[in-house]
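Peer 1: Take the sequence shown: its position 28, counting from 1, is numbered 28 in UniProt numbering, and each next residue is one higher. Can you keep this structure in mind? I'll have questions shortly.
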Amino acid sequence: MISSCRLRRLAEEEERQRLEEKETERRRLEQAEKEREWRKKEQKRRQLEMIQKIRREEEERRAAELELLRLEEAMSKEEERRRLAAMEDHEKREYLQKQKEEEEERKKAVEARKSREEEAAQWAKEEARLQAELFARQRALLEQQLQFRRGLLTEAGALGQTQDISRAWVYSYFQLIQLLGLAEVPTAQEDSPKDMS
Numbered sequence: 001m002i003s004s005c006r007l008r009r010l011a012e013e014e015e016r017q018r019l020e021e022k023e024t025e026r027r028r029l030e031q032a033e034k035e036r037e038w039r040k041k042e043q044k045r046r047q048l049e050m051i052q053k054i055r056r057e058e059e060e061r062r063a064a065e066l067e068l069l070r071l072e073e074a075m076s077k078e079e080e081r082r083r084l085a086a087m088e089d090h091e092k093r094e095y096l097q098k099q100k101e102e103e104e105e106r107k108k109a110v111e112a113r114k115s116r117e118e119e120a121a122q123w124a125k126e127e128a129r130l131q132a133e134l135f136a137r138q139r140a141l142l143e144q145q146l147q148f149r150r151g152l153l154t155e156a157g158a159l160g161q162t163q164d165i166s167r168a169w170v171y172s173y174f175q176l177i178q179l180l181g182l183a184e185v186p187t188a189q190e191d192s193p194k195d196m197s
């Protein structure tokens with residue numbers, strides 16, 4: 001028969017191993033959480049840099065367009081001044097009236113285009129908001145499923161240590177959970193309960 005002293009040492013060794021495994025798992029989860037936070041911050045930093053780069057390029061493009069437009073307007077005014085100087089009075093009146101009508105048409109076209117652009121921007125903003133809400137809901141659901149899955153793994157591991165439950169029983173248990181749509185079934189290499197045979 002095994003002496004009570006040896007039984008006590010075995011129990012202490014098992015308890016020590018259990019505590020070490022628990023501490024290892026805690027450290028693993030803590031490290032995984034740190035890595036997730038780092039990835040989120042890194043992704044946010046890259047996105048911010050990209051936005052700033054796009055903004056700078058857009059400002060430079062607009063500045064170049066405005067300068068080109070200023071030069072074109074200056075040349076157009078000089079050309080118009082020379083043209084008017086060579087016209088008779090009645091020709092000037094007809095020309096100026098035509099210019100006025102064309103300017104009014106241009107203003108109407110600009111206002112219509114601006115209205116369409118504002119509507120498109122508002123639609124894009126609303127679409128982006130809806131997509132962000134959908135992504136947030138999907139992420140929250142995924143995190144909930146992962147948390148539930150970890151709970152199942154912990155529960156199955158505890159049951160395996162306290163009761164005589166086979167690996168096949170645990171696998172069937174997770175199959176049932178999957179059929180109910182509550183969680184994903186872990187693979188044999190991923191998150192499988194240890195020492196369940």
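Using N, Cα and C, we set each Cβ at its ideal position, and we do this for glycine too.
Give me the Cα-Cα distance between residue 46 and residue 19, rounded to the nearest whole angstrom.
Peer 2: Here the question's residue 46 lines up with position 46 in the sequence shown. Here the question's residue 19 lines up with position 19 in the sequence shown. In a straight line, the C-alpha of residue 46 is about 40 Å away from that of residue 19.
Peer 1: Are the beta-carbon atoms belonging to residue 92 and residue 84 less than 8 Å from one another?
Peer 2: Position 92 of the sequence shown, counted from the first residue, corresponds to residue 92. Position 84 of the sequence shown, counted from the first residue, corresponds to residue 84. Their beta carbons are under 8 Å apart, which means residue 92 touches residue 84 by this criterion.
Peer 1: Pick helix, strand or coil for residue 186, following the three-state DSSP scheme.
Peer 2: Residue numbering aside, residue 186 sits at position 186 when the sequence shown is read from its first letter. Summary for residue 186: the model assigns pLDDT 45, below 50, so the residue's position carries little reliability, and this model does not support an answer.
Peer 1: Which word fits residue 152, buried or exposed, when buried means at least 16 other C-beta atoms lie within 10 angstroms of its C-beta?
Peer 2: Within the sequence shown, numbered from 1, the residue matching residue 152 stands at position 152. Burial call: buried.
Peer 1: Cα separation between residue 34 and residue 9?
Peer 2: The residue given as residue 34 occupies position 34 in the sequence shown. The residue given as residue 9 occupies position 9 in the sequence shown. Approximately 37 Å, taken between the alpha carbons.
Peer 1: Whole angstroms are fine: how far does the CA of residue 114 sit from the CA of residue 89?
Peer 2: Residue 89 sits at position 89 when you count from the first residue of the sequence shown. Residue 114 sits at position 114 when you count from the first residue of the sequence shown. Taking the straight line joining both Cα atoms gives about 37 Å.
Peer 1: Over what stretch of residues does the alpha helix (DSSP H) that includes residue 50 continue unbroken?
Peer 2: Numbered from 1 along the sequence shown, position 50 holds the residue referred to as residue 50. Its alpha helix (DSSP H) spans residues 4 to 85.
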